[in-house]
Structure formats: structure tokens, C-alpha cells
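*Asks:* Numbering (the numbering used here), first residue to last: 61 to 169.
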Ligand SMILES: [Zn+2]
């Protein structure tokens, strides 16, 4: 049933969340690696940008487990898309600091 999952763990729900918030990738479920057919928990966040599709400040993110971090980073690096590789913990912290402390975590459902 889930074999045709080509869009990574995010599916459609995730796409719109980039509008204002990046933290939502760790909002509810355990984030999993973006590598094909991998279901391991993500440890790394790979931030990338395709200059042909995205404005320079835009960041797409892939999640990676320890095993696939190099593979995914190489894939993006080869295309000069890769901007940053940080641990998920660091990414969360940075995202949290970038947000106003509104305390209304349910407001963006
Ligand atoms: Zn993986």
C-alpha cells in the first residue's frame, strides 16, 4: 500500500507549511528520513535550494538518518543545491528561536 510513496514523508500536508513556519516538520510525528524506502528516524536536516525554481532565500528541506545523510547531501551537492546540513536538534532550535513565542501551537492547524 505504501510502496508508491515517492514524495518522501511529507505528502501534501507538508508543502504549505513552508509559508511561514519551518518547525512543523517536527510537529507531531517522528520525522523520518527522506531517502527512498527508508523509514529510519531522521537525525539530519539538509537545507537546499534550486535556483531555477526557488528564490534565493527559499529553503527546501530533506530529512536524513545517519546512514543516508552523505548520500542525500552528495545528491544535492552534485547539483549545487545544497545549502546547509544541520542536526535535527539544531534545526529545531533555530526554528524555535526564529519564531515569536506566541504559545499558540494549535493555531496553525
Ligand atoms: Zn535513511
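Built from N, CA and C at the ideal position, the CB exists for glycine as well.
#1: Since residue 103 and residue 151 should fall inside the 8 angstroms C-beta cutoff, what is the C-beta to C-beta distance between them, to a whole number of angstroms?
#2: Under 8 angstroms, do residue 113 and residue 122 count as touching if we go by C-beta distance?
#3: The alpha helix (DSSP H) spanning residue 149 covers which residue range?
#4: Does ligand 1 have a heavy atom nearer than 7 angstroms to the CB of residue 100?
#5: Between the alpha carbons of residue 140 and residue 94, how many angstroms are there, rounded?
*Replies:* Let me lay it out:
#1: Here the question's residue 103 lines up with position 43 in the chain shown. Here the question's residue 151 lines up with position 91 in the chain shown. So it is not a contact: roughly 10 angstroms between Cβ atoms.
#2: Working through the chain shown from its first residue, we reach residue 113 at position 53. Working through the chain shown from its first residue, we reach residue 122 at position 62. Their beta carbons are not under 8 angstroms apart, which means residue 113 does not touch residue 122 by this criterion.
#3: Your numbering for residue 149 matches position 89 in the chain shown. Here the alpha helix (DSSP H) through residue 149 covers 148-158.
#4: The residue labelled residue 100 in the question sits at position 40 within the chain shown. Checking every heavy atom of ligand 1 against the Cβ of residue 100, one is found closer than 7 angstroms.
#5: Within the chain shown, numbered from 1, the residue matching residue 140 stands at position 80. Within the chain shown, numbered from 1, the residue matching residue 94 stands at position 34. One C-alpha to the other measures close to 19 angstroms.
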